[in-house]
Amino acid sequence: MTRTSSTAAVDVPIVVDPALGRLPGQIVDGFRDLVTRGALRPGDRLPSSRRLAAGWNISRGTVLTAWDQLAAEGYLAAAHGSGTVVNPDLSLVHPAPRPHPPAPTGQPSSIAGPAATAGVDLRPGRPGVTGLADASWRQAWRRAAAHPSPSSVPAPGLPALRAEIAAHLRQMRGLVVEPDEIVVTGGARDALAALLQIITVRLGHPPRVAVEDPGYPSLRRVLHRYGAAVVEIPVDDDGLSVTALEELSHPAHLVLVTPSHQYPLGASLPVGRRLRLLDWARRTDALVIEDDYDSELRYVGAPLPALAALDRGPRSPRGERVVTLGSFAKTMTPDLGSGFAVLPATLLPEMVALRSDLGPAPAPIVQRALADYLAAGGLRRHAQRMRREYRRRRSLLSDAFTEVTAVRVLAMDGGLHAVLELVRTADAVSATAVESAVQQQLLAVDVQLGALGDYWASSRPRDRFGWVLGYSGISDDDLRRGLELVRSTVDHVVAQAAPSGPVPL
């Protein structure tokens, strides 16, 4: 019998759309596909029908209808004390297809600075440290410290950690990868810097890189530091504009995208756009860098397939156009300096060679502790607790501004921050002044928050204004106090600015 590395329920990343026909049939077809690809395996415990129905925004009866059919076909079984599981004897009922042979392996943060020492810090990018206080993590760390690390760590990272990351991606993202496709890194910026060095050597000059605008300033700084020509691509309510990408007079060599949860506006790139993006990459011989930075913290709806999963198929079982970057910074803490990259076969040799020259990142003891923690199911349990907690905090934030007509809280499906967008402004000049005045007046009473303008590249005019509020790494009492101060300050500044008077600074 095949079992997962923990008893936690796996996610079921199926796209359910009423416009595409009968919903039970869509669920059944999607489930069969996940089993065929190996994203679901014998013995995997499934979420409850109520949880799935809520995530897909459909009735529980629809889910049960699909479950009944899958059980009749031998895909599902009831396990005493565990609910519904993928049939442990599935291989006897539906033999797995023969695996594809391996592809050839030849060559072809936060905006603000240190945290505030007093007052209320609502700046984004400050996850709590509860992951480090988790008993499972403390046990994993003690076990790692009790066993000396091997004299040499393989350049891609400890095999045990890469195996657990592969299992984690399968269970949480429906992404089926082999451990040898994974390179352990020091985080997203470390991986991005390595990729830039590799592509620069290939091209003979720094690459042209398309980025989301607005987007991560810290990643843009990495691109500039390595000499990349940065091209800003606008973002709308559905994420990156693939149309704008297609219309570039000089196609980009790389595109850096946050499809699961666009940063900072929160959009999730629809499946149609994801497929268009991959088609563009194939036509232009470009590489897509998928920053999957907080996909584990989605608490509204079902997760969409990772870009890397859509890039894989019979013709390219290991993918060809997508590099997926992951990090433990949001679910654990940035202090671990740990992450990973899932790479196509054409990039692996160069990344491994570069990692060999630079040495292991993070330190071997951290890699050992992470492997132990993942194997014990600690991260999945911790992520589930975080989702419950931050769903509650998200509601707290939304409720604080329900009667403030000058702003709206942008819809977020997950993550650790929210965007408070200014909606009552006469023009861009006055909106910019209001944005700045609110930030400065709050700073005077020891409340810090991010300005939305900090996420736009300076070369592109913007049409959205407001603030970015983080709600992690802070107590409930401080969060409530900070939100009340933000609400009253926004009300005051907007009232003083209307209709065209000077904005008080």
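In UniProt numbering, the protein residues as written are 1 to 505. In this text, a Cβ means the ideal position worked out from N, Cα and C, and glycines have one as well. Note that this is a predicted model, so its numbers are computed, not measured.
| Asked | Found |
| --- | --- |
| Please look up how many angstroms separate the CB atoms of Ile-289 and Leu-254, rounded, as I've assumed it's under 8 Å. | 6 Å |
| Below 8 Å on the Cβ atoms is my guess for Leu-34 versus Gly-174; work out the distance and round it to an integer in Å. | 6 Å |
| Could you please give the first and the last residue of the uninterrupted alpha helix (DSSP H) stretch that includes Asp-311? | Careful: Asp-311 lies outside any alpha helix (DSSP H) and carries neither H nor E. |
| Go through the region 122-195 residue by residue and report every complete run of the beta strand (DSSP E) that reaches 3 residues or more, in order. | 182-185 |
| Can the beta-carbon of Pro-214 be found less than 8 Å from the beta-carbon of Val-235? | yes |
| Three Cβ pairs or more, each shorter than 8 Å: is that satisfied between the region 389-408 and the region 416-432? | yes |
| Among Ala-341, Val-15, Gly-337, Asp-11, which one has its Cα closest to the Cα of Thr-324? | Ala-341 |
| Can you tell which of Ala-437, Pro-360, Gly-378, Lys-330 has the C-alpha that lies nearest to the C-alpha of Asp-134? | Gly-378 |
| Per DSSP, which residues does Trp-467 bridge with? Please list them. | Leu-420, Ala-451 |
| What are the partner residues of Leu-240, as DSSP defines its beta bridges? | Val-235 |
| Report the three-state DSSP secondary structure of Ala-345 (helix, strand or coil). | coil |
| Using 8 Å as the Cβ pair cut-off and three pairs as the minimum, do the region 426-433 and the region 374-390 touch? | no |
| Look at the alpha carbon of Ile-365 and the alpha carbon of Pro-349, and state the distance between them as a whole number of angstroms. | 25 Å |
| Starting from Gly-83, trace the beta strand (DSSP E) both ways and give me its first and last residue. | 83-86 |
| Do you know offhand how far Thr-243's Cα is from Arg-273's? | 9 Å |
| Return the Cβ separation of Gly-266 and Gly-453 in integer angstroms, given the expectation that the two are a contact with Cβ distance under 8 Å. | Between Gly-453 and Gly-266 the Cβ distance is about 17 Å, and since that is not below 8 Å, they are no contact. |
| Going by the CB atoms, is the gap between Val-490 and Leu-343 shorter than 8 Å? | no |
| Give me the residue from Ala-306, Pro-159, Arg-221 with the minimum Cα distance to Leu-278. | Ala-306 |
| Quick check on the burial criterion: 16 or more other C-beta atoms within 10 angstroms. Buried or exposed for Glu-212? | buried |
| By the 10 Å Cβ neighbour count, where 16 or more other Cβ atoms means buried, how is Ile-14 classified, buried or exposed? | buried |
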